[in-house]
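In the working numbering, the protein residues as written are 1 to 159. Note that the Cβ used here is the ideal one computed from N, Cα and C, for glycine as well.
Following this line, the structure appears as structure tokens:
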């Protein structure tokens with residue numbers, strides 16, 4: 001394999017996997033997460049309803065509800081960081097975000113019922129977000145691992 005092809009596999013492929021994963025997360029949070037009768041709500045609308053009803057007022061989980069609004073800006077920050085050459089920072093932001101969104105969407109995916117209940121969790125949003133989160137974590141790990149390999153070669157150590 002030529003050096004150019006090797007470089008593409010070690011830098012571009014992990015970045016592409018992470019970007020596709022984060023894009024899927026971004027799409028997934030806007031897909032239906034909850035259904036109430038004929039109304040489907042995305043994750044942000046669901047957070048708004050929970051906030052309005054005050055179910056979590058005064059608890060630590062209330063902070064997490066407001067943090068959910070930062071998902072798309074965090075995705076943007078991760079991608080911009082990578083474009084500016086800050087691969088480790090981008091991978092860290094992407095992995096952290098993917099772990100959080102993956103945990104929430106994983107729980108929602110498990111709890112979603114395929115039944116015809118008029119009230120419940122819709123599967124489209126959580127499932128898409130969960131798949132995107134898994135891809136983003138995989139890509140972020142590959143970015144970090146490949147960065148460490150490159151660092152040992154640059155420093156003159158044994159690969």
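Between the stretch 34-43 and the stretch 122-131 there are three or more inter-stretch CB-CB distances shorter than 8 Å, so the stretches are counted as touching. Of the other Cβ atoms in all chains shown, 16 or more fall within 10 Å of the Cβ of residue 82; this residue is therefore buried. Of the other Cβ atoms in all chains shown, 16 or more fall within 10 Å of the Cβ of residue 14; this residue is therefore buried.
Closest by C-alpha distance to residue 62, out of 71, 72, 140 and 48, is 48. Residue 91 is positioned such that its CB atom lies no closer than 7 Å to that of residue 27. Just measuring C-alpha positions, the residue of 10, 17 and 22 sitting nearest residue 97 is 22. Straight through space, the alpha carbons of residue 34 and residue 54 are spaced by roughly 18 Å. Within the stretch 85-132, complete alpha helix (DSSP H) segments of at least 4 residues are found at 87-111, given in chain order.
Taken atom to atom, the span from the alpha-carbon of residue 52 to that of residue 44 is near 12 Å.
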